[in-house]
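Report on the following structure.
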Amino acid sequence: MGEQVKAPASAHYLFADLPTVTQFNHLTNLDVSDVTDMSGMFANNPGVTTMAITGWDTRNVTSMDAMFNSNSALETVKLGRLETPKLTRMQIMFALDSHLTDLDLSGLDTAGVTNNYMMLSNDYNLENLGNWQGTGSTSYLMGYTQISNLHQLTLSPQIKLTKGTFFNLDTTHYPLLDTEIYTGKWENVQDKYVPAGTPGKRAYTTSELEALYDGTHTDELSGNETYQWEPLLTPEKENGAPVTVHYQDQDGKTIKEDDQLTGKLDETFTVEAPTIDGYTLQDTQGVTSGTYTTEPQSVTFVYQKDADESSNSSSSSSTTTPSGDTNSGGGSSTDSSSTTGSSSSENSSSLESSGSANLVKPKMSVTAVKKIGFYRTATFSAKNRLKWFPKQTRTKWPQFVVVKTAYSKKGLLRYQVKDVNKGSKTYGKRGYITTQQAYVRGTYATTKPKTIKVVKGLNGYRDVKLSRKQTHYRQGQRLAVKKLVRHNLTTRYLLKNGQYVSANLNFSQAVK
Numbered sequence: 001m002g003e004q005v006k007a008p009a010s011a012h013y014l015f016a017d018l019p020t021v022t023q024f025n026h027l028t029n030l031d032v033s034d035v036t037d038m039s040g041m042f043a044n045n046p047g048v049t050t051m052a053i054t055g056w057d058t059r060n061v062t063s064m065d066a067m068f069n070s071n072s073a074l075e076t077v078k079l080g081r082l083e084t085p086k087l088t089r090m091q092i093m094f095a096l097d098s099h100l101t102d103l104d105l106s107g108l109d110t111a112g113v114t115n116n117y118m119m120l121s122n123d124y125n126l127e128n129l130g131n132w133q134g135t136g137s138t139s140y141l142m143g144y145t146q147i148s149n150l151h152q153l154t155l156s157p158q159i160k161l162t163k164g165t166f167f168n169l170d171t172t173h174y175p176l177l178d179t180e181i182y183t184g185k186w187e188n189v190q191d192k193y194v195p196a197g198t199p200g201k202r203a204y205t206t207s208e209l210e211a212l213y214d215g216t217h218t219d220e221l222s223g224n225e226t227y228q229w230e231p232l233l234t235p236e237k238e239n240g241a242p243v244t245v246h247y248q249d250q251d252g253k254t255i256k257e258d259d260q261l262t263g264k265l266d267e268t269f270t271v272e273a274p275t276i277d278g279y280t281l282q283d284t285q286g287v288t289s290g291t292y293t294t295e296p297q298s299v300t301f302v303y304q305k306d307a308d309e310s311s312n313s314s315s316s317s318s319t320t321t322p323s324g325d326t327n328s329g330g331g332s333s334t335d336s337s338s339t340t341g342s343s344s345s346e347n348s349s350s351l352e353s354s355g356s357a358n359l360v361k362p363k364m365s366v367t368a369v370k371k372i373g374f375y376r377t378a379t380f381s382a383k384n385r386l387k388w389f390p391k392q393t394r395t396k397w398p399q400f401v402v403v404k405t406a407y408s409k410k411g412l413l414r415y416q417v418k419d420v421n422k423g424s425k426t427y428g429k430r431g432y433i434t435t436q437q438a439y440v441r442g443t444y445a446t447t448k449p450k451t452i453k454v455v456k457g458l459n460g461y462r463d464v465k466l467s468r469k470q471t472h473y474r475q476g477q478r479l480a481v482k483k484l485v486r487h488n489l490t491t492r493y494l495l496k497n498g499q500y501v502s503a504n505l506n507f508s509q510a511v512k
């Protein structure tokens, strides 16, 4: 059929009963704009396996009764977008198509259909009835037959099912569906990992499913939903797509080999930016916590290369006490001693003599456990204060990366830090904060507790790099610690079960 051919008003069994035909080609060249009756049009063609009806002008068609009836080898039918505003009849339209597995009727306007009796009768292998928006009666849509393979249905909110649509589909009527395998209910595929009988799980008997889609619950339904036979044994969750972690400088160059996190679907993951020698974290692109999905995800940590500085401290030989030099809490300092600034290579004992024990090294992270100020210079005053960081709950403690140490004009030791708190108005900027341990301390644990309690979701990993996730620990869980392990400039807890978890004190706390 190479040229346009005009079909008659009645195409009743026009291409039917052709036992040697295996394929219909060039159907787009058939002008069906005047056709009102397509009943039996392609019926009883046992050699045809696929049909594609697209681009037809079907606005005058009123009947598609038996249109594809008795095509025993037919596996797929593509109807495309067909305007059928006058269509009223679809009786036995696909009946006796025993190899038909998937049927998408979303391209048909079935709002006016009043008769689709036994439309899918004896379609034994039909697995998916998707996107149908029929509004007429669906009484005995499947006929009186037992549809053994119809284990999955995709239904739209617009469909209007009536009692008896899916005749004899549950295990109480159809013993071939093994009651030792299936519960006899349809489960929403989104709940397929929820055990049978769990309160709130969307699982329905055939009658309940028909009632849910009877046209009175459209407000409760959102988009197409797929249902399948509910098994007695809940399947193990499939692996989700991996989360790839990239480490780059500001030019997009890789500065550390990528890491890849894996886990089961819907399990949670958390990614922490590691400390990399010679670099300071500048930005984070992507979500650092979430759940594994079927789609790959990625996180990119962007670092800035540190400047090459021979000295990282401020110095002063003045014995004058400047006005406004304040301590960490914002009050006036009473320190009147003179001092000469020293380099960052000073050992901890000499630094501790300035009143800041357990000083954190450059490139390590510190946490503010009380309200602190963030200042332009090492000499604190209201004038050069950039902002306050108020006291927060443990899981929200502000964090900073130490760049170097410095002294105020009065000789008070300070940290020069970078603000790495997303959402902060000074995010990414450098400033100065106190070193007093009552206000600021290292983000990571430095001693081993016997037990920790999770205060924020914490993942357990197989290795110290935290790159192979094994378990997710929820808030409130207590974990027995075997030892504290250093990793670069951070620490990890090695649990007695052999897993590693972050020793970030925002996520857990020591308990007896």
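Just so we're aligned, residue 1 is where the sequence shown starts under UniProt numbering, counting upward by one.
Heads up, the beta-carbon is just placed ideally off N, CA and C, and yes, glycines get one too.
Just so you know, these numbers come straight off a predicted model, no measurement behind them.
| Item | Value |
| --- | --- |
| Helix, strand or coil at residue 174 according to DSSP, with G and I counted as helix | Below a pLDDT of 50, predicted positions are generally treated as unreliable, and residue 174, at 45, falls in that range; the measurement from the model is reported next regardless. Coil at residue 174, not helix or strand. |
| For residue 207, the three-state DSSP class (helix, strand or coil) | helix |
| Opposing strand residues paired with residue 452 [DSSP bridges] | 479 and 510 |
| Close beta carbons around residue 17, own chain, < 6 Å, minus the five adjacent residues each side | 44 |
| Residue 190 in three-state terms, based on DSSP | helix |
| Three-state secondary structure assigned by DSSP to residue 336 | Any answer about residue 336 is weak, because its pLDDT of 33 lies below 50 and its placement is not dependable; what the coordinates show is given next. Coil at residue 336, not helix or strand. |
| 7 Å CB neighbourhood of residue 463 in its chain, flanking five on each side removed | 500 |
| Backbone secondary structure at residue 97 - three-state DSSP | coil |
| For residue 120, three-class secondary structure by DSSP | coil |
| Residue from 74, 50 and 32 with nearest C-alpha to residue 83 | 32 |
| Nearest-angstrom Cα separation, counted from residue 264 out to residue 48 | 42 Å |
| DSSP state of residue 219 mapped onto helix, strand, coil | helix |
| Distance between residue 289 and residue 238 (C-alpha atoms, nearest Å) | 20 Å |
| Beta-carbon separation (whole angstroms), residue 35 vs residue 60, contact threshold 8 Å | 6 Å |
| Residues that residue 418 bridges to, as DSSP identifies them | 401 and 430 |
| Residue of 190, 215, 199 and 270 minimising C-alpha distance to residue 235 | 190 |
| Local Cβ density within 10 Å of residue 388, reported as buried at 16 or more and exposed below that | exposed |
| Buried/exposed call for residue 450, threshold 16 Cβ in 10 Å | exposed |
| Alpha carbon of residue 108 to alpha carbon of residue 24, nearest angstrom | 21 Å |
| Cβ-based neighbour list, residue 242, same chain, cut-off 7 Å, excluding 5 preceding and 5 following | 260, 261, 262 and 296 |
| Distance cut-off 8 Å: residue 490 Cβ against heavy atoms of the ligand PLP | With respect to the ligand PLP, the structure offers nothing, as it holds no ligand at all. |
| DSSP-derived helix/strand/coil call for residue 396 | helix |
| Cross-strand partners of residue 225 (DSSP beta bridge) | 155 |
| CB-CB length for residue 302 against residue 283, believed under 8 Å | 4 Å |
| Backbone secondary structure at residue 386 - three-state DSSP | strand |
| Where the beta strand (DSSP E) through residue 492 begins and ends | 490-495 |
| Backbone secondary structure at residue 28 - three-state DSSP | helix |
| Range of the contiguous beta strand (DSSP E) that encloses residue 290 | 289-291 |
| Distance between residue 205 and residue 188 (C-alpha atoms, nearest Å) | 12 Å |
| Cβ shell of residue 247 (< 6 Å), same chain only, five flanking positions each side left out | 255, 256 and 301 |
| Cβ shell of residue 378 (< 7 Å), same chain only, five flanking positions each side left out | 314, 406, 407, 408, 414 and 432 |
| Alpha-carbon spacing of residue 447 relative to residue 490, whole angstroms | 12 Å |
| Delimiting residues of the beta strand (DSSP E) encompassing residue 67 | That residue, residue 67, is in no beta strand (DSSP E); it is neither H nor E in DSSP. |
| Among 117, 112, 100 and 105, nearest to residue 124 - alpha-carbon criterion | 100 |
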